[in-house]
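Below: one structure, written as structure tokens.
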Amino acid sequence: MPGYEPFLLCDFHVHTTWSDGRLSLREVVDLYGQTEKFDVLAITDHILSKKDLLGRLGRLATLGRHRFSITPETFDDYMGDIAKEADRARREYGLLVIPGAEITQNHLRAKHNSHIVALGIKEFISADLNAKLILEEIRDQGAISVACHPHHRTTSRMEIATCYLWDHRKDLAHLVDVWEAANRDDLFSVTSLKHYPYVANSDFHKEKHLYSWKTLVRSAKTWPAVKAALKANVDIAITLFRKTSCTAA
Ligand code: ZN
Ligand code: ZN
């Protein structure tokens with residue numbers, strides 16, 4: 279009955295070996311599916327800018343064995359793999375899998391950094407565009423933008439601060455569909471002070487990240503319905519998915 283749909287347990291920010299995740303897409307689908315708890319899973323591997331320092335260092339450190347970014351050349355294969363796994367996930371686990379990407383900017387000057395997840399992406403989006411153009415391109419594709427870990431400030435040299443969207447919210451908030459009020463173990467409560475639409479995600483890179491903040495969405499289990507529910511952002515909740523919630527009888 280419309281308005282009385284169940285809450286769906288969702289994770290809209292998940293990495294696989296298509297970029298810097300530890301598990302393959304197939305392993306990720308099986309991990310989430312076998313909990314028998316999840317309804318919606320978005321695969322959001324990194325698209326890095328061409329000059330991305332971390333990506334380059336990572337490839338060097340692993341002697342080129344690992345990919346760190348989806349590229350224009352690998353994008354179609356990536357989307358094909360997601361479509362194939364989405365079909366299997368629906369049949370085996372009743373899990374809705376959504377194609378996405380995290381358009382990732384790691385500049386040396388940290389105040390320019392933004393990480394933007396595009397949910398329901400159809401075409402490759404370059405991380406070499408500025409944040410405004412990335413957000414507009416996401417809208418043009420009929421996809422949804424997520425401002426990732428939008429208030430992550432750090433003084434560590436090895437960590438990347440990603441506050442560009444937050445710091446420029448006056449100019450950009452109208453283009454951002456939802457903000458991560460929670461990412462893995464962190465809460466970004468500043469987003470709620472502005473009454474911004476929100477989600478909570480794991481930013482999954484390895485198995486232990488399964489146990490982290492997640493989103494509950496009251497919606498039918500189809501991408502158009504979930505997309506509309508995220509945008510309306512009315513019956514949305516964040517929940518901390520704990521290990522015991524898997525193993526409890
Ligand atoms: Zn990120
Ligand atoms: Zn991420």
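So the number in this note's numbering is just where the residue sits in the sequence shown, counting from 1, plus 278.
Glycine is no exception: its CB is placed at the ideal position from the N, C-alpha and C atoms.
Of the heavy atoms belonging to ligand 2, at least one sits nearer than 7 Å to the Cβ of H393. Any heavy atom of ligand 2 counts here; residues with a Cβ closer than 5 Å to one of them, in chain order, are E380, D481. Counting along the chain, the unbroken alpha helix (DSSP H) around V307 starts and ends at 303–312. In this structure, the beta-carbon distance from V504 to V318 falls below 8 Å. Shortest gap from the CB of H427 to any heavy atom of ligand 1: under 7 Å. In the DSSP assignment, Y282 is bridged to no other residue. In terms of Cα proximity to A409, the closest of A425, K400, H291, Y489 is A425. If you draw a 10 Å sphere on the C-beta of Y356, you find 16 or more other C-beta atoms in it, and that means buried. By alpha-carbon distance to H452, the top candidate from I416, D289, A361 is I416. Under the three-pair Cβ rule at 8 Å, the segment 356–367 does not count as touching the segment 382–394.
If you keep only unbroken beta strand (DSSP E) runs of at least 3 residues inside the segment 373–436, you get 374–382, 393–397, 422–425.
For ligand 1, no non-hydrogen atom lies closer than 7 Å to the CB of T313.
Counting of Cβ neighbours within 10 angstroms places H291 among the buried residues, the total reaching 16 or more. Within 7 Å of the C-beta of T469 there is not a single heavy atom belonging to ligand 1. DSSP places K329 in the coil class of the three-state scheme, outside both helix and strand. For L518, the uninterrupted beta strand (DSSP E) run begins and ends at 514–518, by DSSP.
Taking R462 as the centre and dropping the five residues before and after it, the same chain places the C-beta of S480, D481, H487, S490, W491 closer than 7 Å to its C-beta, in chain order. The straight-line gap separating the alpha-carbon atoms of L326 and P502 is approximately 28 Å. By DSSP's assignment, H324 forms a beta bridge with E380.
For T382, the shortest separation between its Cβ and any heavy atom of ligand 1 lies below 7 Å. When DSSP states are grouped into helix, strand and coil, A460 belongs to the strand group.
Sequence-distant Cβ neighbours of S497 in its own chain, meaning closer than 7 Å and more than five residues away, are E283, L286, A503, V504, A507. Less than 8 Å separates the beta-carbon of T517 from that of L494.
About 21 Å separates the CB atoms of R300 and H430; that is not less than 8 Å, and the two are not in contact.
Looking at the backbone, the Cα of G398 and that of I422 are separated by about 7 Å. Of all alpha-carbon atoms in T313, E401, L373, L411, the one lying nearest the alpha-carbon of R520 is that of T313. Secondary-structure assignment with DSSP links F290 through no beta bridge to anything.
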